[in-house]
Every structure is written in structure tokens, then in C-alpha cells.
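For reference, the structure discussed in these notes is given below.
Number of protein chains: 2
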Amino acid sequence: MKLSEAKELREKTYQMLREANIVISPEERANIEIADFGLDDINNMGLQLVVYENNDRYCAKELVLFPRQTCPEHRHPPLSHQNIGKQETFRCRWGEVYLYLDGEPTKDPKAVIPRKYKDYFQVWKEIILKPGDQFTLPPNTKHWFQAGDNGAIVSEFSSTSSDEMDIFTDPNINRLPVYE
Amino acid sequence: MKLSEAKELREKTYQMLREANIVISPEERANIEIADFGLDDINNMGLQLVVYENNDRYCAKELVLFPRQTCPEHRHPPLSHQNIGKQETFRCRWGEVYLYLDGEPTKDPKAVIPRKYKDYFQVWKEIILKPGDQFTLPPNTKHWFQAGDNGAIVSEFSSTSSDEMDIFTDPNINRLPVYE
């Protein structure tokens with residue numbers, strides 16, 4: 006991704022946050038993380054993040070998804086005897102987000118996945134989150150999510166985040182941030 | 006506090022959240038915690054809380070303060086060998102909040118404390134938080150905060166919360182929630 010494209014995506018992210026009345030600092034605005042997972046297909050597969058705090062005990066982020074943008078299927082594995090893997094709570098603040106996890110597959114799910122990625126989306130039990138709705142995921146469980154037609158803003162509250170340790174279903178994925 | 010008064014304060018809290026475009030669920034609305042610290046002086050000493058999540062790893066809340074309302078001075082002590090005390094990050098979302106901690110006392114601080122409580126406010130190093138500003142407090146350090154003239158909404162991200170273990174400077178305080 007070119008720096009000019011990252012800048013444009015950051016600006017788009019910032020405008021969505023503004024529309025939702027979520028204030029971020031100039032420094033946070035300049036450092037919005039663009040995650041394309043190495044797939045070079047950001048409008049389908051990717052998300053934008055504002056990391057408010059990530060310390061050795063807890064983490065808080067704002068996740069911004071453009072319309073129909075998808076965070077690919079992954080899990081947060083155990084990291085040590087003391088750490089059974091990242092646990093996270095998603096709270097929808099704006100828009101609508103479709104979250105998928107293991108269980109009875111939902112009939113006629115809301116999310117639409119481009120055909121070339123289908124093999125890498127294996128869990129299809131759907132949870133719909135609208136503003137004020139939230140869901141807490143147990144550690145080490147596969148999940149993925151897609152924003153609705155207007156995009157979504159989701160607060161993530163969690164234990165310590167170490168994104169580079171995430172395990173993705175799609176072997177083509179590389180979770181290194183493009184620009185952060 | 007009468008139940009009718011608690012209901013009125015909950016409604017006032019809900020309206021402030023609405024004004025800030027922060028959506029809570031009907032269940033959260035019905036369960037807004039009113040903390041008056043047993044002082045029966047809620048408009049001066051107290052705050053309102055929406056607890057989004059509190060598990061054995063992390064916690065996230067929305068703190069709502071009415072104009073000039075104060076959360077009294079306290080600290081979060083060590084709770085075990087593994088837990089050095091609650092660590093917390095305050096992120097101002099709306100309004101303005103004045104946070105005080107140990108250090109060189111600020112000259113002409115913004116907060117105003119009614120005379121009868123003065124002895125129980127010992128730390129006066131001021132940090133002003135406006136929307137988009139945040140501050141992370143180390144565990145077991147005295148702190149208190151007061152909202153500005155229009156009130157404040159503050160997101161708190163933290164390690165596990167166990168409010169009943171907090172140690173307040175004012176010996177008259179009892180942290181049991183009035184209604185929760």
C-alpha cells in the first residue's frame with residue numbers, strides 16, 4: 006500500500022469517527038492503524054484501529070470498519086501458562102456489525118464473502134451487534150466479523166493485545182500492520 | 006436515597022449519554038449505578054456508572070458526572086501476590102474532567118471542594134482531560150476527580166474492578182452502591 010493510500014484511509018476513518026461523535030487526539034489521528042493483513046484488498050479484507058491503551062493487563066481500542074469490510078477469521082492462542090489467550094469484548098458504537106463464531110451455522114447469514122476467500126471462513130454462527138450491543142469472546146476461539154452496508158465502529162475491551170500472535174485461517178495472511 | 010431519587014438520577018445520566026451520542030441498552034439504562042459513597046450528598050460527592058464488562062482480566066465502564074460532581078479521593082490497594090491493585094485509564098469522551106494525583110500541587114486548581122470535605126482531599130497535582138484526552142493511573146496511588154461546569158463522561162478501561170476494596174481518605178465513606 007502506498008503511503009498516499011494509507012493517508013486517504015486514515016482520513017476516511019477519522020471522518021467516520023467524527024460522524025459518530027467519537028473524539029480522538031491529533032496524535033491518534035496521525036497514527037490510525039491500517040490493517041490489510043497482507044492481502045492488498047483493504048476494502049474487502051481489513052480494518053482500521055485506534056489503540057487507546059495496551060498495557061500488560063488490559064487493552065482498549067476503537068475498531069473502524071468501512072461498509073462490508075471484513076476482519077478475517079482468526080483466534081487468539083494461549084501465550085503462556087499464565088495467559089490462556091486474549092479475551093475480548095466487542096461493543097458496537099455505531100453502524101452494524103456481524104460477528105461469527107463456532108456453533109450451529111446461521112441460515113442466510115448477513116455477511117457476504119467474496120468467493121476467493123470462502124475456504125478461509127469456517128465458523129458461521131452469527132451474532133448481530135447494533136449500537137449498545139456487545140459480546141465477549143472466550144480466548145482461543147475462531148471468529149471473524151463484517152460491517153453492514155454503512156460500516157461500523159466497535160469498541161474493543163480486552164486483555165493485553167499482541168496482534169502478531171494471532172492465528173489466521175487464511176495462510177496467505179500476514180498481520181504486520183501496513184502503517185501504524 | 007429514595008428509589009424515586011435514584012430513578013431521577015438514572016434518567017439524568019441517560020440523557021447526558023444521549024447528548025454525547027453514547028448508546029446503552031435498555032437493561033444497562035435500568036441498571037445505571039448511582040454511587041453516593043454513603044455521604045448522602047450526591048450532587049457534590051458521587052458519580053454514575055454504566056458497567057459494560059467486568060471479568061477476571063479486564064473491565065470497561067462509562068463514568069458519568071454531573072456538573073461539578075466529585076469522585077472522592079481513594080486508591081486501589083494490592084489484592085494478592087498476583088494483583089498489585091487495580092490499574093485504570095480514564096479517557097474523557099464528553100465535557101471536561103479535572104483529575105488529581107500525588108505530586109507538586111497545582112496552583113489555582115480548577116476543582117472546588119466544599120469546605121467540610123477539604124481534609125479528605127490531600128493530593129492536588131492537576132491533570133485536565135478534555136474529549137480525546139486520557140491518562141493511565143498506576144495501581145495503589147491516591148486520586149480523585151471532579152467534572153467541569155457542564156459535567157463529564159469518561160470511559161474507564163482497567164484491570165478487574167472490585168470497588169468494595171477501594172480505600173478512601175474520608176473515613177465516613179462507604180462504597181456500597183445505593184442502587185445497582
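Note that the protein sequences, when read in sequence, are chains A and B. Residue numbers for the first sequence follow my numbering, beginning at 6 and rising by one. Residue numbers for the second sequence follow my numbering, beginning at 6 and rising by one. Glycine included, every Cβ here is placed at the ideal spot set by N, Cα and C.
Checklist entry - Over what stretch of residues does the beta strand (DSSP E) that includes residue 92 of chain A continue unbroken? => result In the DSSP assignment, residue 92 of chain A falls outside any beta strand (DSSP E) and carries neither an H nor an E.
Checklist entry - What span of residues does the alpha helix (DSSP H) with residue 19 of chain A cover, start to end? => result Its alpha helix (DSSP H) spans residues 8-24.
Item to check | Beta-carbon gap between residue 117 of chain B and residue 152 of chain B smaller than 9 Å | outcome: Result no, Cβ atoms of residue 117 of chain B and residue 152 of chain B do not sit closer than 9 Å.
Checklist entry - Helix, strand or coil for residue 175 of chain A per DSSP? => result The answer is coil: DSSP assigns residue 175 of chain A none of H, G, I, E or B.
Next on the checklist: Tell me which residue opens and which closes the alpha helix (DSSP H) that residue 80 of chain B is part of.
Outcome noted: Taken as a continuous stretch (DSSP letters only), residue 80 of chain B belongs to no alpha helix (DSSP H), being part of the beta strand (DSSP E) at 75-80.
Item to check | Boundaries (first-last residue) of the beta strand (DSSP E) holding residue 157 of chain B | outcome: Per DSSP, residue 157 of chain B belongs to the beta strand (DSSP E) from 148-163.
Checklist entry - Counting along the chain, where does the beta strand (DSSP E) carrying residue 109 of chain B start and finish? => result In the DSSP assignment, residue 109 of chain B falls outside any beta strand (DSSP E), carrying neither H nor E.
Checklist entry - Roughly how many whole angstroms lie between the Cα atoms of residue 66 of chain A and residue 162 of chain A? => result About 7 Å.
Checklist entry - So, does the CB of residue 153 of chain A fall closer than 9 Å to a CB anywhere in chain B? => result Against chain B, the CB of residue 153 of chain A has no partner CB under 9 Å away; the residue lies outside that interface.
Item to check | Interface residues of chain C facing residue 57 of chain A [CB-CB closer than 9 Å] | outcome: No chain C appears in the structure shown, which is made up of the protein chains A and B.
Checklist entry - Taking Cβ to Cβ, would you say residue 137 of chain B is nearer than 9 Å to residue 69 of chain B? => result The answer is no: Cβ separation not under 9 Å.
Checklist entry - residue 28 of chain B CB to nearest chain A CB: under 9 Å? => result Residue 28 of chain B counts as touching chain A.
Item to check | Per DSSP, cross-strand counterpart(s) of residue 105 of chain A | outcome: In the DSSP output, where bridge partners are listed per residue, residue 105 of chain A has A:131, A:149.
Next on the checklist: Strictly below 9 Å CB to CB, what residues from chain A border residue 19 of chain B?
Outcome noted: Near residue 19 of chain B there are no residues of chain A at all, since even the closest Cβ is about 12 Å away, more than 9 Å.
Next on the checklist: Would residue 39 of chain B and residue 20 of chain B be called neighbours here (beta carbons separated by less than 9 Å)?
Outcome noted: No.
Next on the checklist: My output table needs one value for residue 35 of chain B: the three-state DSSP class, helix, strand or coil.
Outcome noted: If DSSP states are grouped into helix, strand and coil, residue 35 of chain B belongs with the helices.
Item to check | Nearest residue (CA-CA) to residue 13 of chain A, options A:84, A:71, A:61 | outcome: Comparing Cα-Cα distances from residue 13 of chain A to each of A:84, A:71, A:61, the minimum goes to A:71.
Item to check | Residue environment, residue 166 of chain A, which counts as buried when at least 16 other CB atoms sit within 10 Å | outcome: By the Cβ neighbour-count rule, residue 166 of chain A is buried, with 16 or more other Cβ atoms within 10 Å of its own.
Next on the checklist: Alpha carbons only, please: which of A:128, A:88, A:10, A:74 is nearest the one belonging to residue 61 of chain B?
Outcome noted: For residue 61 of chain B, the closest C-alpha among the options A:128, A:88, A:10, A:74 is that of A:88.
Checklist entry - Would you say residue 103 of chain A reaches chain B, if we count a Cβ-Cβ gap shorter than 9 Å as a contact? => result Not one chain B Cβ lies under 9 Å of residue 103 of chain A.
Checklist entry - Which of the three DSSP states, helix, strand or coil, is assigned to residue 115 of chain A? => result Coil.
Next on the checklist: What would DSSP say about residue 57 of chain A, mapped onto helix, strand or coil?
Outcome noted: Strand.
Checklist entry - With C-beta atoms as the reference, is residue 158 of chain B less than 9 Å away from residue 77 of chain B? => result In this structure, residue 158 of chain B keeps its C-beta atom at 9 Å or more from the C-beta atom of residue 77 of chain B.
Checklist entry - Are residue 148 of chain A and residue 79 of chain A touching if we call contact CB-CB under 9 Å? => result The Cβ atoms of residue 148 of chain A and residue 79 of chain A lie closer than 9 Å to each other.
Next on the checklist: For a cutoff of 9 Å on Cβ pairs, would you count residue 136 of chain A as touching chain B?
Outcome noted: Judged by the 9 Å Cβ criterion, residue 136 of chain A is in contact with chain B.
Checklist entry - Quick one, are the C-beta atoms of residue 150 of chain B and residue 105 of chain B less than 9 Å apart? => result With respect to the 9 Å criterion, residue 150 of chain B and residue 105 of chain B are classified as neighbours on the basis of their beta carbons.
Checklist entry - Taking C-beta to C-beta, are residue 128 of chain A and residue 98 of chain B nearer than 9 Å? => result Not closer than 9 Å, so no.
Next on the checklist: Please list, in chain order, the chain A residues whose beta carbon lies closer than 7 Å to that of residue 15 of chain B.
Outcome noted: Ordered by position in chain A, no residue passes the 7 Å Cβ test against residue 15 of chain B, which lies about 16 Å from the chain.
Checklist entry - In the DSSP assignment, what are the bridge partners of residue 170 of chain B? => result Answer is none; residue 170 of chain B lacks a bridge partner.
Next on the checklist: Nearest by alpha-carbon distance to residue 107 of chain A: which of A:92, A:43, A:59, A:132 is it?
Outcome noted: Checking every option, the nearest Cα to that of residue 107 of chain A belongs to A:132.
Checklist entry - By a C-beta neighbour count over all protein chains shown, 10 Å radius and 16 as the cutoff for buried, is residue 93 of chain A buried or exposed? => result Label assigned to residue 93 of chain A: buried.
Checklist entry - Is residue 157 of chain B close to chain A, meaning its C-beta is less than 9 Å from at least one C-beta of that chain? => result Closer than 9 Å: no.
Item to check | Host beta strand (DSSP E) of residue 140 of chain B (start-end) | outcome: From DSSP, the beta strand (DSSP E) with residue 140 of chain B extends over 139-142.
Item to check | For residue 70 of chain B, the first and last residue of its enclosing beta strand (DSSP E) | outcome: From DSSP, the beta strand (DSSP E) with residue 70 of chain B extends over 64-70.
Next on the checklist: Checking 9 Å against the spacing of the C-beta atoms, do residue 51 of chain B and residue 75 of chain B come in under that value?
Outcome noted: For residue 51 of chain B and residue 75 of chain B, yes; Cβs fall inside 9 Å.
Checklist entry - Are the C-beta atoms of residue 11 of chain A and some chain B residue less than 9 Å apart? => result With 9 Å as the cut-off, residue 11 of chain A does not count as an interface residue toward chain B.
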